[in-house]
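K.L.:
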Amino acid sequence: MIAMTVRTAGAAFTAGITVALSVTAGVPAFAQSRAAGDQATVSVLHAVPGLTVDVFAGGKELLPDFEPGTLTDPMKLDAGSYDIKVFKDGEGPEGTPAIEKTVEVPAGANATLVAHLTPDGKPTLDAFVNDTSKVPAGKARLTVRHVAAAPAVDVRADGTAVFKGLENPKEAKGEVAAGTVNADVVLAGTDTVAIGPAALDLAEGSNTIVYAWGSATDKNLALKTQTVTGMHSAPDGVPAGETGQAAGGNNDAALGALAAGAVLALGTGGYLLRRRTDAV
Amino acid sequence: MSTRRTMSTRRTGHSRVLGAVVALIGVVLSTMLVVAVRRDEPARAADFGPPPTTTTEPATRPRSPEPVTPPEAAPANTTEASDRPGSLRVPEPRELSLPRLGLRAPVDSVGVADDGRTEVPPDPVRVGWYRFSPAPGSAAGSSVIVGHVDAKGRGLGVLYALNEVRQGDRVLIGRKDGSTVAYEVTARRTVDKEALADSEAFRRDGRAVLTLITCTGPYLPDAGGYQNNLVVTAEATK
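Listed in order, the protein sequences are those of chains A and B. First residue of the first sequence? That's 7 in my numbering, and the numbers climb one at a time after it. First residue of the second sequence? That's 38 in my numbering, and the numbers climb one at a time after it.
Pasting the structure below:
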């Protein structure tokens, strides 16, 4: 099974297909203010079932003995172009890679490299940029990535389709109220559950990234979750007073008293002055 | 007219005295009224302690179009939801009290309203813990408790008492697990409402503090009511 997968992959990449991915879209605005502006934050997800691999980046071994379903901690990498090669465990770096792709890692980006299956079950590699822009107070960002050997799907939260017709290797994202949702994945336009349900804790101010991975044919479809935190915002304000009572409330009365007194004093003064003038 | 004039001339001395007395009464009356009205206002001492933000002067600074992003706001990346520090489950607050001021209020959990501002318990004898801020007793960040200073048809709120808070006053947070977290007031600041979001009141990292927020004057009915927030900061006592 493993050998077959590798052979298939080898065939697919005999010509050393190199695809440059554009991962510049959605580079977060704050990136420019980061001290290490010439670096990027990169995580790697292994979403090819049944294939333990070694991952090489630019000729150096990045991840040895990388097992399916594993997501690495984020790594700081220098921005630039990386030639990524994925070998079956122990076959690199001189053998034929199971997957090879050149990936652009832009400065300041937070990205996830995903080794996964194409819709028809061939190993491939894609880079996704994780949206680290600010999330409004009280909200959570939900990103769903279809990286499974499966047809288009709908993603439902608490029974309601939130993302429709998502295809491999695309992503869909949105901001929802923070909290726990019961999510499942159904074949697009149907109620046929492909994955789930699973409880997702959508933490406020974070980006919860859900990968639908595996193979429908091999009946090993599954969800993998990655969370990027720290994009919270302060609320727009605290409306903690209504009537003005605590501010003395009767500013009007104070003004009224002042005015009445002033009028009285002025009036009397004026009258006196006139009287005096008259008297002289 | 001529008769009155003659009379006036004749009684000039009298009138002057009378006029002066009336004028004096006017001045005294207005002064008394103003004093009486002022007495209804909170006997506010000056704010004290360090300002709630270390990066900007809240009320006076020019409003910059782009908020300053503190370095700790850079997104962190975690692999699994269960790894997040927030899932350590610090017990939720149940009751706020400031013993010296006789202030005691039940704590509700509040979030964000549709307008993007925090929810505030409608009943001003209750206060709200902004549930997206760290729970009191957390290792880091500002735990925020909000409450009405006054409310329609319900009079003054419990947090009106913050006008009389002093440096060193004890603040106690009773928690749902029966434990109590003790704080000591270190600062009270009047913050322009527009500047509150960018102040340190809502930071999630750094020094662990309790932040009590209500409203304070001036109250301008035609400009949205209260113009400022009163922000009281308290630090955990060992």
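Built from N, CA and C at the ideal position, the CB exists for glycine as well. Quick caveat: nothing in here was measured; it's all calculated off a predicted structure.
Is residue 169(B) helix, strand or coil by DSSP?
P.N.:
Looking at residue 169(B) - three-state DSSP - the assignment turns out to be coil, as it is neither helix nor strand.
K.L.:
Helix, strand or coil for residue 154(B)? Go by DSSP, reduced to three states.
P.N.:
DSSP places residue 154(B) in coil when its eight states are reduced to three.
K.L.:
With respect to the beta strand (DSSP E) encompassing residue 266(B), which residues constitute its N-terminal and C-terminal limits?
P.N.:
From DSSP, the beta strand (DSSP E) with residue 266(B) extends over 262 to 273.
K.L.:
What is the DSSP secondary structure of residue 54(A), reduced to helix, strand or coil?
P.N.:
Three-state result, residue 54(A): coil.
K.L.:
Using alpha carbons as the reference points, say which of 182(B), 231(B), 224(B) lies closest to residue 260(B).
P.N.:
The shortest Cα separation from residue 260(B) among 182(B), 231(B), 224(B) belongs to 231(B).
K.L.:
Taking one C-beta from the segment 135 to 144 of chain A and one from the segment 213 to 220 of chain A each time, how about it: are there three or more such pairs within less than 8 Å?
P.N.:
Yes: at least three Cβ pairs fall under 8 Å.
K.L.:
Do you know offhand how far residue 263(B)'s Cα is from residue 196(B)'s?
P.N.:
Approximately 15 Å between the Cα atoms of the pair.
K.L.:
Verify the CB distance criterion: does residue 238(A) have a CB-CB separation below 8 Å to chain B?
P.N.:
Judged by the 8 Å Cβ criterion, residue 238(A) is in contact with chain B.
K.L.:
Relative to the alpha-carbon of residue 244(B), which residue among 165(B), 149(B), 223(B), 146(B) has its alpha-carbon at the smallest distance?
P.N.:
Of the listed residues, the one whose Cα sits closest to residue 244(B) is 223(B).
K.L.:
So what does DSSP say about residue 282(B), is it helix, strand or coil?
P.N.:
Not covered by the structure: residue 282(B). The range shown for chain B is 38 to 275.
K.L.:
Flag this pair as yes or no: are the beta carbons of residue 60(A) and residue 69(A) separated by less than 8 Å?
P.N.:
Result yes, Cβ atoms of residue 60(A) and residue 69(A) sit closer than 8 Å.
K.L.:
Determine whether the beta carbon atoms of residue 171(A) and residue 155(A) lie at a separation below 8 Å.
P.N.:
No; because the gap between Cβ atoms is not below 8 Å, this pair is not in contact.
K.L.:
Among 152(B), 169(B), 198(B), 191(B), whose alpha-carbon lies nearest the alpha-carbon of residue 139(B)?
P.N.:
Among 152(B), 169(B), 198(B), 191(B), the Cα nearest to that of residue 139(B) is on 198(B).
K.L.:
Can you name the residues that DSSP bridges to residue 207(A)?
P.N.:
Looking at the DSSP assignment, residue 207(A) forms a beta bridge with 186(A).
K.L.:
Taking 8 Å as the cut-off, decide whether the C-beta atoms of residue 270(B) and residue 185(B) are in contact.
P.N.:
No, the pair does not count as a contact, with Cβ atoms beyond the cut-off.
K.L.:
So is residue 218(A) buried or exposed if we call it buried at 16+ other beta carbons inside 10 Å?
P.N.:
So residue 218(A) counts as buried.
K.L.:
Tell me whether residue 255(B) sits in a helix, a strand or coil according to DSSP, three-state version.
P.N.:
Note: residue 255(B) maps to strand in three-state DSSP.
K.L.:
Where residue 206(A) and residue 114(A) are concerned, what is the direct C-alpha to C-alpha distance, given to the nearest angstrom?
P.N.:
Approximately 28 Å, taken between the alpha carbons.
K.L.:
Does DSSP put residue 256(A) in a helix, in a strand, or in coil?
P.N.:
Reliability fails at residue 256(A), whose pLDDT of 45 lies under 50, so the model's placement of it is uncertain and the value that follows must be treated cautiously. Looking at residue 256(A) - three-state DSSP - the assignment turns out to be coil, as it is neither helix nor strand.
K.L.:
State the Cα-Cα distance for the pair residue 99(B) and residue 153(B), rounded to the nearest angstrom.
P.N.:
Low per-residue confidence applies at residue 99(B): pLDDT is 36, beneath 50, and the placement is therefore not dependable, though the value from the model is reported in the following sentence. Between residue 99(B) and residue 153(B), the C-alpha separation is close to 23 Å.
K.L.:
Among the residues of its own chain, which have a CB less than 6 Å from the CB of residue 235(A), if the five just before and after it don't count?
P.N.:
For residue 235(A), where only same-chain residues beyond five positions count, the Cβ hits under 6 Å are 212.
K.L.:
Could you give the DSSP three-state label for residue 231(B): helix, strand or coil?
P.N.:
Looking at residue 231(B) - three-state DSSP - the assignment turns out to be helix.
K.L.:
According to DSSP, which residues form a beta bridge with residue 129(A)?
P.N.:
Bridge partners of residue 129(A): 123(A).
K.L.:
Considering only their Cβ atoms, is the gap separating residue 147(A) from residue 160(A) smaller than 8 Å?
P.N.:
For residue 160(A) and residue 147(A), no; Cβs fall outside 8 Å.
K.L.:
Report the rounded CA-to-CA distance for residue 143(B) versus residue 173(B), giving the unit in angstroms.
P.N.:
Cα to Cα, residue 143(B) sits roughly 14 Å from residue 173(B).
K.L.:
Ordered along the chain, which non-local residues of its own chain (more than five positions away) have a Cβ less than 6 Å from that of residue 116(A)?
P.N.:
Counting only Cβ-Cβ distances below 6 Å, and skipping sequence neighbours, we find 47, 136, 138.
K.L.:
Could one say the Cβ of residue 163(B) lies closer than 8 Å to chain A's Cβ atoms, at least one of them?
P.N.:
So, not an interface residue.
K.L.:
At 7 Å on the CB atoms, spell out the chain A contacts of residue 174(B), in chain order.
P.N.:
Ordered by position in chain A, no residue passes the 7 Å Cβ test against residue 174(B), which lies about 19 Å from the chain.
K.L.:
Using DSSP with H/G/I as helix, E/B as strand and the rest coil, what is residue 173(A)?
P.N.:
Looking at residue 173(A) - three-state DSSP - the assignment turns out to be coil, as it is neither helix nor strand.
K.L.:
Could you list the residues in the segment 207 to 241 of chain B with a C-beta less than 9 Å from some C-beta on chain A, going in chain order?
P.N.:
Answer in chain order: 230, 231, 233, 234, 235, 236, 238, 239, 240, 241.
K.L.:
Taking 8 Å as the CB-CB cut-off, is residue 149(B) touching chain A?
P.N.:
Judged by the 8 Å Cβ criterion, residue 149(B) is in contact with chain A.
K.L.:
Taking only three categories from DSSP, how would you classify residue 149(B)?
P.N.:
Residue 149(B): strand per DSSP, three-state reduction.
K.L.:
What whole-angstrom Cβ distance do residue 225(B) and residue 218(B) have, given they're in contact under 8 Å?
P.N.:
Residue 225(B) to residue 218(B), Cβ: 20 Å. No contact.
K.L.:
Using a Cβ cut-off of 8 Å (strictly closer), state whether residue 44(A) contacts chain B.
P.N.:
It does not; no Cβ of chain B falls within 8 Å.
K.L.:
So for residue 241(B), helix, strand or coil by DSSP?
P.N.:
In this structure, residue 241(B) counts as coil in the three-state DSSP scheme.
K.L.:
Between residue 134(B) and residue 220(B), what straight-line distance do the alpha-carbon atoms span, to the nearest angstrom?
P.N.:
Cα to Cα, residue 134(B) sits roughly 10 Å from residue 220(B).
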